[in-house]
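A.B. asks: Numbering (this note's numbering), first residue to last: 173 to 508. We put the CB at the ideal spot given by N, CA and C, even for glycine.
#1: Looking at C-alpha atoms only, which residue of 210, 203, 194 is the closest neighbour of residue 234?
#2: Going by DSSP in three states, residue 288 sits in which element: helix, strand or coil?
#3: Just curious, the alpha helix (DSSP H) that residue 452 is in, first and last residue?
#4: Do you know how far the Cα of residue 202 is from the Cα of residue 175?
#5: Less than 8 Å between the C-beta atoms of residue 181 and residue 196, yes or no?
#6: Can you find at least 3 beta carbon pairs, one from the segment 247-259 and one from the segment 199-216, that sit closer than 8 Å?
#7: How big is the Cα-Cα spacing for residue 145 and residue 216?
#8: State the beta-bridge partners of residue 282 as determined by DSSP.
#9: Which residues bound the alpha helix (DSSP H) around residue 220?
#10: Between residue 361 and the rest of its own chain, which residues show a CB-CB distance below 8 Å, the 5 nearest in sequence each way excluded?
#11: Sort 375, 382, 381 by Cα distance to residue 388 and report the nearest one.
#12: Which residue from 474, 478, 451 puts its Cα closest to that of residue 458?
#13: Going by DSSP, what residue range makes up the alpha helix (DSSP H) through residue 498?
#14: Would the segment 406-419 count as touching the segment 226-243 if we require 3 or more Cβ pairs under 8 Å?
#15: Are there three or more Cβ pairs, one per stretch, closer than 8 Å when the segment 351-358 is compared with the segment 274-288?
#16: Under a three-way DSSP split, which group does residue 187 fall into?
#17: Which class does residue 475 belong to by DSSP, given the choice of helix, strand or coil?
#18: Whose CA, out of 418, 480, 383, 386, lies closest to the CA of residue 430?
#19: So, with DSSP's three-state summary, where would you put residue 142?
#20: List the endpoints of the continuous alpha helix (DSSP H) containing residue 311.
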C-alpha cells in the first residue's frame, strides 16, 4: 500500500497569555490507502487536535500534512476546499440539520458542491440504502435513534465520494450494541468502497473491533504505533500498557509447578488451541492466567497454563505448542 496521508514533524501550539500550550509535538505518521487506522489516547492527549490537523481545520504551528503527496498548506483556499471534499468527517454528536429531513441532510454536501438536483437525490437514496435507512428518507432527525442519526451522518459524509473518512469519537454517544452495529457498517464501507478510515477514540474496544493499525498518543506525542494485534499482544511503552491493561498488569505466583506462557499474536480466534492440545496430548492443564482478545477474527494476548509435575508431560505439551508455531516459554516463580 502507499500512504494517502503523511504527517511530517507536525506541531500544534495554542497561545495562552504570553505562553503557549503544546497540543501536539513531533508527530510523524503515515496512513496507508485503504486501511482502517486507529488513533487512541486518554482525554487531553491531543488526538482530537490531530484529527482536525489532517484536513487543516486546525492549522499546524509547524511541520507538514501531506494528502496524496500534496502539502495541504501550499494550497489556495479553493484548492484546499476541493481537497477537503476527499477527506470527510463524522462526529460524536452527529451534527445533522434538524430542520431538514434525512434525504435532504444527505443531499446537503452535494448542494454545496453544486451537483444537479436529480443527481444528488439519486446519490442520496443510494447512500441511504447502503446504510440501511432507505425507508427513513422523509423522516426528520428528531424522530431517529442515536444509531440511526449516526448512520445518516455516515451517509452524508460519503455524499461527495471521499477517499478518507475521519471518525472523531463517532461511537462515544452510542450504547454498546449500537456501537458494534455502526462499527460493522464502517468496516463494510471500507471493504466495499475502498475508503481509508481513520478512527479517533479513547475506547480500546473500538480499536480492537475494526482497526488494522493503531497509534497511541500520550502527552502530545505518539508513544507507539503498529499493528493492533502486535500492540495488544505486547505493548512496548508505559502508555500502551496503561491502555491495554487499564486495571494494571497482574503478578501471579506459580509456586514450584511447571508452567508455560503462550502468546497469541495472530492465530485465528476460532481455532480451539487449548482444547485440541488437551485432546491430542491427553493431559489435563490448569489455566492460571489468561488475557486474550479477539481482534478481527484473530487471537491476541497471552495465557499461562499449569502442568502436572512430570518432565515428560511438560516436554510433550511444550513440543505440541511449538509445533503449531505458537510463541511459548516456561515461566517460573513470578511473571508479569
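C.D. replies: Let's see:
#1: Closest by alpha carbon: 194.
#2: coil
#3: 445-453
#4: 6 Å
#5: No, these two residues do not count as a Cβ contact at 8 Å.
#6: no
#7: Because the chain in this structure spans residues 173 to 508, residue 145 falls outside the shown range and cannot be described.
#8: In DSSP, residue 282 forms no bridge with anything.
#9: In the DSSP assignment, residue 220 falls within the unbroken alpha helix (DSSP H) covering 219-225.
#10: 302, 326, 330, 337, 367, 369
#11: 375
#12: 478
#13: No alpha helix (DSSP H) contains residue 498, which DSSP labels as neither H nor E.
#14: no
#15: no
#16: Reduced to three states, the DSSP call for residue 187 is strand.
#17: strand
#18: 480
#19: Here the chain covers residues 173 to 508 and nothing more, so residue 142 does not appear.
#20: Neither: residue 311 is in no alpha helix (DSSP H) and is coded neither H nor E.
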